[in-house]
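Novice: In my numbering, the protein residues as written are 1307 to 1453.
In this text, a Cβ means the ideal position worked out from N, Cα and C, and glycines have one as well.
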């Protein structure tokens, strides 16, 4: 419209039709509230989207914290279980060593008793052999004496 307007000689001004300009201003004013309302709606939606994103981010962070706490708790439970397992294994090994010592002492005691019995048996066997040897010697002497 300004490009088509008549220029004022010796000036940078132009002549515009007042009715057309007023009509354009009225239509701009009429459109402005609608555009303003659209802009405000977009801003409200932007705020809602941002708020929804914040809420979702807070939920994700809260869930992540719960997962971390759960993992830490599970790690602590596993560590406690391993510690208890080691304690039980140590206790069993100690009990096994104690029982082995008792068994060794019992076997040694029984072997010592058997050694005494065998020693006495050997003495009896040796005396018996000596007696037999003495009887044989006596019989040999008595046979010699009979001749």
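Consult DSSP for residue 1314 and reduce its assignment to one of helix, strand or coil.
Specialist: Coil at residue 1314, not helix or strand.
Novice: Alpha carbon to alpha carbon, how far is residue 1364 from residue 1378?
Specialist: Rounded to the nearest angstrom, the two C-alpha atoms are 21 Å apart.
Novice: Provide the residue(s) that pair with residue 1321 in DSSP beta bridges, ordered along the chain.
Specialist: In the DSSP output, where bridge partners are listed per residue, residue 1321 has 1312.
Novice: Straight-line CA distance for residue 1341 to residue 1325?
Specialist: Each residue's Cα considered, the two are about 24 Å apart.
Novice: If we ignore side chains and look at the alpha-carbon of each, how far apart do residue 1355 and residue 1370 end up?
Specialist: For residue 1355 and residue 1370, the distance between alpha carbons rounds to 22 Å.
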